[in-house]
Amino acid sequence: MSELDKLEFVGREEHLNRIISLVLEPNLHVVLVEGRGGIGKTWLLRALQSRLNQVQIGTSEIIDCDTPVFNDAEDLYTQIAKQLYDYTYKEWLLRLRQLREDKNRLSLTAYQEKRKQIEKFLVDEINRKSSQQRLVFLIDTVEKLGQADVREQVWKYISDLCHQLENAVFILAGRPSIARQILEKSFKEEELTYLELNEFTREDVQTYILSKEEQLHFTLGKDLVQKIIVLSGGSPIMIEFGVEYAYREVIPDWLESEDIETIPDRLEKTGGFEAEMVRHITQLRTSMDRLTLLLSRIYPLDSSDIANLLEISTEDAQRLFIDAQSYFFIKPVMSNTHISLHDIVRDLVDKYVWSDIDPDMEWRKRDSRIAAKYFEQKDYELGPHKRVLEVQRYSDDFHKVANIEFLIEEVKQLREFNTTRWLSNALYADPITGFDTWHEVTDRIRSQSKKYSFVEQLLIVAKQFEKELTPDQRFKLLILEAKLVYALEGKIKTENEVRKLEEILSEQSCNYSYQADIYNVLGMLNAKLHLYDEALKYQQECLSLVQSNKLSSAIPRVANLVGYLYRQLNKFNEAEKYYKLGWDAAMEVDTPDKGLTQVMASIQNNLGFLYGQEKDYLKAEQCFKAAIDMWSSVESEREIAHAEIASATISVENGNYIKAKQLLERALSRCDNEENDHRILCRAYFQLGLNQWFSAEVVNQAVWDVTQVEWDLNLLSLAQDALEKSLKLAEKYGIEEELPRILHQTASVYWHLGFQKCDRSLQEQALKLNDRSYQTSLEYNDTRYAIESLVGKAEFDYYAKAYEHISDYARELSDRFQSYENIHQLYFGRILRIEGDVAFQQANYDFAFKKYAQGIPKIFQDGGFGPYSSQHELNLLQKKIERLPIELSKTLIQQLKSRWNDQKALKEWCDQQMFLTRIRATKQPSSHV
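At position 152 of the sequence shown (counting the first as 1) the number is 151 in numbering that gives the first Met the number 0, and the numbers step up by one without a gap.
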């Protein structure tokens, strides 16, 4: 029987006519048709498609969500876009890829905004097409749409989309699900119609069968009709089984020969009428039986898939593909390029056929072994195809490039589809060896391609086989999930992951061999939360284990992490010790691979930064150069940019602003794609902003107070621009760890611009940004910028002559962060200096110099940077002294010297000031104005 001879739709005429009339109502957005499996929903959609096309209403293909590609609302939208214009589909596919890649980079707010933009594009395209005629989208098996944990959100998205359509209707068919509840909350009564399909009555079944007989020019016979009426229970799919099998002459003998009175007893022993309707497949008499078995587990399939998986010729597969579509339980899907089995039939085959013919599952595993090998080969072949297209996109023809980009995206989607089928079948065929393949592929996608959304989908596949994995494999799965949290998630989920891993670690059953990996990931997660002491504890435990187990390849990487954490805690000697430990371990390897080379380059980069902070600029420069050379050897442009930014950071602190600018511009030039390079760009623009700000100071030797410092407004505006770019990137891509410092330094630039321009609005913005920096720092445990933004509050109040709260800030700094004073001496020194400046302005010189005596040594010990360098602070203090009467100056200098008795350099500075004061005494007295 050809496809054109397929059994036509009969029955449900009242539903069919009602839906057609509803479609014409202008206010209607959605028709939801629900009913249990096999009740006739798909047939109803097919009939609707035919009838609506006859009355010239634009009708989509039936979009069936019962395929593995429907993981979220956007997958449905992709199929909807296919129903519109070619341009719409191509543009949608490219935008969707970008959205999915951005999901793992953007902040939640920025992602939702971008998602709304791409959804609006689709809405506009639907509305454009529906301006010419009413559009109807037919969507089947909607209960399968989306992964279970996000299904509610998926339906909210679909509801929102439907609300925006001006002349289009969605007809949704599926088993009862959460869809109805959400849609009824979202739509008014006239915008949504709900229809429920129930079993036929005996009279309906009689009419139904008569109609079928008329279509087929075939008579079942009164006795067989009565049996089907009784046994089908009014289920359309069971009626179809009976009628079609009779027509095809494959009906079971007992159905024709036994009396209706005795059949129920027989069926009770065999599983019922539905079981008998699929049990003939166990005999495997036809290619269709074999195909049905295959489609019950591996779907959808095209004719090429069928040829390879059933191991038949291409010609036979093509004929079987066409013939299969004449069966009522076979559905064409994916724009009719593939076929799938009706889901209720798939359930019946799994329940009644496989359990009989394959009790030990060896047959199914064999099928999956063949499928895994086949889909792996398809996956392999798509790689070169994609690379050929990528070469072709370097063209001057814009339209050609755009089309190639679309083709590349189609290949990417197809490859992900094949990868998923390859790995799921590999796991089914043998969970143990299949998992090893799954882990290798998935971890490569995570670490190299960074397609985190796809990795999440593959995780769902692997979790289905978790109980069948070995303890080692379950542990690998756990660690990979934790690394995904580290890469993707925010503070709350990261904290939850830390708690989960700590509980596992505390369990007596925790295998000793797993501990190193758990310690390592716990260190990474705690570092992300800025809990550096905790992170250090875990990484040291990890290092101890890899050393004791002689895991020489792991030592350099872990030692490097330990050194980094010590540097974050300002313990420079310990940091250097562990960096060198990692370096020495790496040097034991005669032939370093790319991974080890990158670790060694990272160690040199970290050493360069460390030496720079210790003011050993020559050694810092040597290390940065070595890092860049190593990364260049493995062609790692992004890492080279990181080294250039680190080197520029030290140059900024050293006051070498020209060199810093050159390094940062070079780093920025290496970034050709914001989506891939957003972290580098964020950091580079931040340092560029600092560099422009610090270099904007107009040197004036007469200045004696910070409020008198003048700035080059052009450079300050450039600093504002760079910092705003950095902030925008951090907010857009959810780079939470960078926000505290960007917010604070942007606030500082806003403040100085506002102060010098007398622009109160800029100063108000500065206060808000700085307060946000403080709150964000507390939220993300960023102690350094919590302290610096608190000092910033005091500084801004000092500029504004709002002195009353400055002592409160100083008290809060002491109460809240006293334990960090040795690490962050610069900021504790600065707030003491600010308190001293307030007292100086109020002519309370004894108190002022008491504060200077406490604060300046702390700043001097740190060294400071830019406008907060120790030399800058001493210059301002010198100018203050010069404004005081001679004798008072001498007294205060002497007090400073006595308090700085253990500070040789500062004592010498006091002697210099005393001598300068004596020289001043020979000329003219000064007084504080």
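Cβ atoms here follow ideal geometry from the backbone N, Cα and C, with glycine treated the same way.
In this text, all values refer to a predicted model and were calculated from it rather than measured experimentally.
{"Asked": "Between which two residues does the beta strand (DSSP E) holding S339 run?", "Found": "H337 to L340"}
{"Asked": "Can A584 and Q603 be called in contact, C-beta distance under 8 Å?", "Found": "no"}
{"Asked": "Quick one: grab the DSSP three-state call for S59.", "Found": "strand"}
{"Asked": "Using DSSP with H/G/I as helix, E/B as strand and the rest coil, what is G173?", "Found": "strand"}
{"Asked": "For a minimum of 4 consecutive residues, which ranges assigned as the alpha helix (DSSP H) are wholly contained in the stretch 817 to 879?", "Found": "824 to 840 and 844 to 861"}
{"Asked": "With a cut-off of 8 Å on the beta carbons, I'd call L873 and I880 a contact; round off their distance for me.", "Found": "Their Cβ separation, rounded to whole angstroms, is 10 Å, which puts L873 and I880 out of contact at 8 Å."}
{"Asked": "Could you tell me whether the stretch 55 to 75 touches the stretch 225 to 245, using the rule of 3 or more Cβ pairs below 8 Å?", "Found": "no"}
{"Asked": "For the alpha helix (DSSP H) that contains F120, what are its first and last residues?", "Found": "L107 to S129"}
{"Asked": "For the alpha helix (DSSP H) holding Y563, just list the boundary residues, first then last.", "Found": "I554 to Q567"}
{"Asked": "Considering just the uninterrupted stretch of the beta strand (DSSP E) at T469, what are its terminal residues?", "Found": "Run containing T469: none; DSSP gives neither H nor E here."}
{"Asked": "Please report the straight-line C-alpha distance between I830 and D516, rounded to a whole angstrom.", "Found": "43 Å"}
{"Asked": "Quick check on W253: buried or exposed, where buried means 16 or more other Cβ atoms within 10 Å of its Cβ?", "Found": "exposed"}
{"Asked": "Taking the alpha-carbon of L98 as reference, which of Y88, Y110, E90 and S106 has the nearest alpha-carbon?", "Found": "Y110"}
{"Asked": "Between the stretch 131 to 142 and the stretch 746 to 761, are three or more C-beta pairs nearer than 8 Å?", "Found": "no"}
{"Asked": "Kindly provide the ranges of any alpha helix (DSSP H) runs that are 4 or more residues long and lie completely inside the stretch 579 to 650, ordered along the chain.", "Found": "593 to 612 and 616 to 632"}
{"Asked": "Starting from the N-terminal side, write out each stretch of the beta strand (DSSP E) that is 3 residues or longer and does not extend beyond the stretch 158 to 241.", "Found": "167 to 173 and 191 to 195"}
{"Asked": "Could you give the C-beta distance for A793 and I858, rounded to a whole number, given that I count them as a contact under 8 Å?", "Found": "Not quite, the Cβ-Cβ distance comes to about 15 Å (not below 8 Å), so this is no contact."}
{"Asked": "Look at the alpha carbon of L182 and the alpha carbon of H14, and state the distance between them as a whole number of angstroms.", "Found": "20 Å"}
{"Asked": "Write down the C-beta distance between Y537 and A558 rounded to the nearest angstrom, noting that I regard them as a contact closer than 8 Å.", "Found": "Incorrect: roughly 14 Å between the Cβ atoms, too far for contact."}
{"Asked": "Determine the direct distance from the alpha carbon of R473 to that of E467, and round the result to whole angstroms.", "Found": "9 Å"}
{"Asked": "Relative to the C-alpha of L171, which candidate in L196, E165, Q163 and D148 has its C-alpha closest?", "Found": "L196"}
{"Asked": "Using DSSP bridges, identify the partner residues of W710.", "Found": "E696"}
{"Asked": "Please determine, among P555, E540 and N166, the residue with the shortest C-alpha to C-alpha distance to W582.", "Found": "P555"}
{"Asked": "How many Å lie between F571 and R740 at the Cα?", "Found": "21 Å"}
{"Asked": "Please go through the same chain and pick out, in chain order, the residues whose beta-carbon is closer than 8 Å to the beta-carbon of Y285, but skip the five residues on each side of it.", "Found": "The displayed chain sequence assigns Thr, not Tyr, to residue 285. Within the same chain, T285 has no close Cβ partners at all."}
{"Asked": "For S543, tell me which candidate among N519, L564 and M523 has the shortest Cα-Cα distance.", "Found": "N519"}
{"Asked": "Using DSSP's beta-bridge definition, name the partner residues of I329.", "Found": "L340"}
{"Asked": "Answer with buried or exposed for W362, where buried requires no fewer than 16 other C-beta atoms within 10 angstroms of its C-beta.", "Found": "exposed"}
{"Asked": "Looking at T77 and E124, is the spacing between their C-beta atoms short of 8 Å?", "Found": "no"}
{"Asked": "Taking its Cβ as the centre, do 16 or more other Cβ atoms sit within 10 Å of N417, making it buried, or is it exposed?", "Found": "buried"}
{"Asked": "Rounded to whole angstroms, what is the Cα-Cα separation between F608 and W630?", "Found": "16 Å"}
{"Asked": "I need the straight-line Cα distance from E501 to L521, nearest angstrom please.", "Found": "8 Å"}
{"Asked": "Can you check which of these residues, Y563, S552 and K549, is closest to M523 by C-alpha distance?", "Found": "Y563"}
{"Asked": "Whole angstroms are fine: how far does the CA of S59 sit from the CA of K298?", "Found": "A small correction: the amino acid at residue 298 is Tyr; Lys does not occupy that position in the sequence shown. Rounded to the nearest angstrom, the two C-alpha atoms are 22 Å apart."}
{"Asked": "Would you please state the rounded distance, in angstroms, between the beta carbons of W750 and R882? I believe it to be under 8 Å.", "Found": "The Cβ separation is near 25 Å, so there is no contact."}
{"Asked": "Which of the three DSSP states, helix, strand or coil, is assigned to V277?", "Found": "helix"}
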